[in-house]
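Notes follow once the structure below has been shown.
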Amino acid sequence: MTNRSLIVFGARGFGQEVYQYAVDTLIAGMRLQPAGFADDKVGSSAEQIGSEVSWHSIDELSYIQDSDCVIAVRDPAARRAISARLVSMGHSPFSVVHPTAWISHNASIGIGAVIAPFASINHTGVLGANSALNAYASIGHDAGAEDHCVIPPHATLNGGAQLGERGFLGSHASLLLGSVIGSSSKVSARVAVQENAPPGSLVVDAKAKHRVILAVEG
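For the sequence shown, this note's numbering assigns the number 2 to the initial residue and increments by one for each residue that follows.
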């Protein structure tokens, strides 16, 4: 049986990481062959990145048949927009879960998600479609991140915490027990969030008792 090809959208640092995750999952038995990169910001001609070919834009992917795509872009809004374009072109979103990640048997992972080395999703935890859970990040019991979220290294959703669609947590940020962060919100690095935040918030104060929540565009 011939493996389908997997194209990583995003040819920069995160894309390089995700490509390697895909290679590792192939070694572990995934029947999908990493085929290269795509990136709208690369120049007009295809270029070599390492030993792999990079297609320079989404539009050029239209001639590639039997391929699936995974998005390796850190901006949540961009992830959603890119996903919509790829699906409209007939490319299937594909989830890449590194073999060293720990996923509870009753956790839920949406299509197109990326789960990096040593990340974890615990009992009934949820990672939404096209979301990224980076290295050593974790989703606790009954906690969840909705679609198109980005959770960088060492960030944590503790038990029952919820991150709305297109949410972003900075590295080492933590949503504490039961806290709810609305859609299109950002939490700065190392912030420990105890309170709820409405959609379109920017949580910037690392002092839990003196947190500042500013309205931002959704």
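Cβ atoms here follow ideal geometry from the backbone N, Cα and C, with glycine treated the same way.
The C-alpha of I72 lies about 26 Å from the C-alpha of N159. Here R13 carries a coil assignment [DSSP, helix/strand/coil].
For V88, the enclosing alpha helix (DSSP H) begins and ends at P77 to S89. Rounded to the nearest whole angstrom, the C-alpha separation of I152 and S68 is 26 Å. Sequence-distant partners of S139 (beyond 5 residues in either direction) whose C-beta falls short of 6 Å from its own C-beta, in its chain, are S121 and T157. Partner residues in the beta bridge of G37, as assigned by DSSP, are I8. Pairing E147 with G129 gives a Cβ-Cβ distance under 9 Å. Beta bridge pairing from DSSP links T26 with no other residue. As DSSP reads the structure, C70 sits in a beta bridge with I8 and P94.
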